[in-house]
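Please read the structure below before turning to the comments.
Numbering (this note's numbering), first residue to last: 8 to 279.
See the structure below:
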C-alpha cells in the first residue's frame with residue numbers, strides 16, 4: 008500500500024517523534040509513505056474568510072501532487088489534516104475558491120478535489136484494520152489505562168472531517184485496545200486544550216489544559232495519547248496537573264517492538 012505523505016513543519020522539528028515512529032510503524036504494517044517533494048507549510052490553521060486564497064495554496068499544491076502521483080494523501084498532525092481536508096472540501100464545493108486557486112497555481116491540470124485525504128488513524132482502522140494491528144503487536148500495553156485525547160481539530164467540523172462521530176468518537180479508543188491497553192472514557196476528551204491561546208494568554212491555556220488532564224485522571228487514566236503537537240505541548244507544559252502524554256505513533260511503535268520508543272516511554276514514566 009503506497010500513500011503520498013504530508014508531514015508538515017512541526018513533524019520536522021518539535022514533533023519529530025510523531026513522524027519518526029509513524030514511519031516505523033507504517034513500514035512494519037506494510038504501508039509505504041512517500042513524502043511529497045517540495046511541500047510547504049499548510050498554514051497551521053484553516054482560514055475561514057471566503058476571499059482568502061493565498062493561505063490555501065500550499066495545501067492545493069500538496070493535494071495536486073498526490074493526485075498526480077495517483078495516491079491518497081496521508082497526514083499525521085491534527086492541524087495539518089484539518090487544514091488540508093477543509094481546503095480539499097473547498098476545492099470540491101466552492102467554485103469561487105477553486106477558480107481563484109487554479110488561476111493562481113497555473114497547474115498543468117486544474118485541481119478539483121480529486122485526492123482522497125486520510126489521517127494515519129484512518130489508514131490503521133479502515134485499510135490495515137485494527138485486528139491486523141493487534142496481530143502485529145509484540146509488546147502489548149496490557150493493564151495500562153490510557154486516555155485518548157482528540158482535541159478540536161481532528162474531528163471538527165464533522166461534516167467535512169468525517170473521521171468519526173465528533174461528539175462520541177471511538178477511533179482512538181479502538182486503537183488503544185489494539186495495542187493491548189484499556190481506553191479510559193472521560194468527559195473532556197474532545198474539548199479544547201487551549202490551542203494557540205497559549206501564545207497570548209497562558210493562564211487561560213493552563214486552565215483549559217488542566218481541566219482536560221484532571222478529567223482524564225479522575226476517570227483512572229495513567230497516561231494519554233494524542234495526534235496533535237500543539238495539544239501535546241499544552242497538556243504537558245501548561246497543565247497544572249501532571250500526567251504523561253504521548254503521540255499515539257510512539258505507543259504504536261513501542262507495541263510493535265521499537266526499542267527506542269519503549270526506552271523513551273520508560274524514561275518519561277519513571278521521571279514522572
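In this text, a Cβ means the ideal position worked out from N, Cα and C, and glycines have one as well.
Every value quoted in this text rests on a predicted model; they were computed, and no experiment measured them.
Based on the DSSP secondary-structure assignment, which residues constitute the bridge partners of residue i?
i, result
"residue 78", "DSSP output for residue 78 lists no bridge partner at all."
"residue 274", "Looking at the DSSP assignment, residue 274 forms no beta bridge with any residue, so it has no partner."
"residue 13", "82"
"residue 189", "152"
"residue 254", "233"
"residue 40", "10"
When every heavy atom of the ligand GTP is checked, does at least one fall within less than 8 Å of the C-beta of residue i?
i, result
"residue 233", "The ligand GTP is not part of this structure, which contains no ligands at all."
Have a look at residue i and residue j and give me their C-alpha separation to the nearest angstrom.
i, j, result
"residue 255", "residue 82", "14 Å"
"residue 84", "residue 157", "12 Å"
"residue 188", "residue 150", "6 Å"
"residue 148", "residue 118", "44 Å"
"residue 76", "residue 200", "36 Å"
"residue 88", "residue 225", "30 Å"
"residue 86", "residue 16", "11 Å"
"residue 22", "residue 99", "31 Å"
"residue 237", "residue 272", "19 Å"
"residue 196", "residue 223", "8 Å"
"residue 269", "residue 232", "15 Å"
"residue 64", "residue 139", "37 Å"
"residue 170", "residue 61", "27 Å"
"residue 103", "residue 74", "21 Å"
"residue 234", "residue 202", "13 Å"
"residue 54", "residue 275", "36 Å"
"residue 112", "residue 68", "8 Å"
"residue 193", "residue 70", "35 Å"
"residue 191", "residue 51", "29 Å"
"residue 166", "residue 115", "31 Å"
"residue 204", "residue 144", "38 Å"
"residue 180", "residue 59", "37 Å"
"residue 10", "residue 277", "37 Å"
"residue 218", "residue 66", "33 Å"
"residue 122", "residue 47", "17 Å"
"residue 24", "residue 120", "30 Å"
Relative to the alpha-carbon of residue i, which residue among the options has its alpha-carbon at the smallest distance?
i, options, result
"residue 198", "161, 188 and 229", "161"
"residue 239", "213, 165 and 168", "213"
"residue 124", "229, 269, 96 and 243", "96"
"residue 45", "72, 28, 24 and 58", "72"
"residue 142", "185, 54, 14 and 42", "185"
"residue 28", "258, 275, 274 and 277", "258"
"residue 79", "20, 129 and 103", "129"
"residue 248", "268, 220 and 270", "220"
"residue 57", "13, 24 and 93", "93"
"residue 215", "191, 244, 230 and 192", "244"
"residue 146", "266, 182 and 180", "266"
"residue 228", "241, 217, 251 and 242", "251"
"residue 126", "275, 242, 13 and 50", "13"
"residue 253", "112, 230, 181 and 115", "230"
"residue 42", "116, 52, 205 and 26", "26"
"residue 164", "180, 90 and 121", "90"
Report yes or no: is there a C-beta of chain D within less than 9 Å of the C-beta of residue i?
i, result
"residue 107", "Going by chain labels, chain D is absent from the structure shown, which holds only one protein chain."
> Are at least three pairs of beta-carbons, each pair with one atom in the segment 132–151 and one in the segment 24–40, less than 8 Å apart?
Replying inline: Between the segment 132–151 and the segment 24–40 there are three or more C-beta pairs closer than 8 Å, enough to call the two in contact.
>> Three or more C-beta pairs under 8 Å: does that hold for the segment 149–168 against the segment 102–110?
In response: With a cut-off of 8 Å, the segment 102–110 and the segment 149–168 do not count as touching, because too few Cβ pairs lie within range.
>> Suppose only complete runs of 3+ residues qualify. What are the beta strand (DSSP E) ranges in the segment 79–125, listed by chain order?
In response: Segments of the beta strand (DSSP E) lying fully in the segment 79–125: 80–82.
> Is there contact between the segment 174–182 and the segment 205–221, where contact requires at least three CB pairs shorter than 8 Å?
Replying inline: Segments in contact, no.
>> Counting beta carbon pairs with one atom in the segment 12–32 and one in the segment 258–274, are three or more of them shorter than 8 Å?
In response: By the Cβ criterion, the segment 258–274 is in contact with the segment 12–32, since at least three pairs of Cβ atoms, one from each stretch, lie closer than 8 Å.
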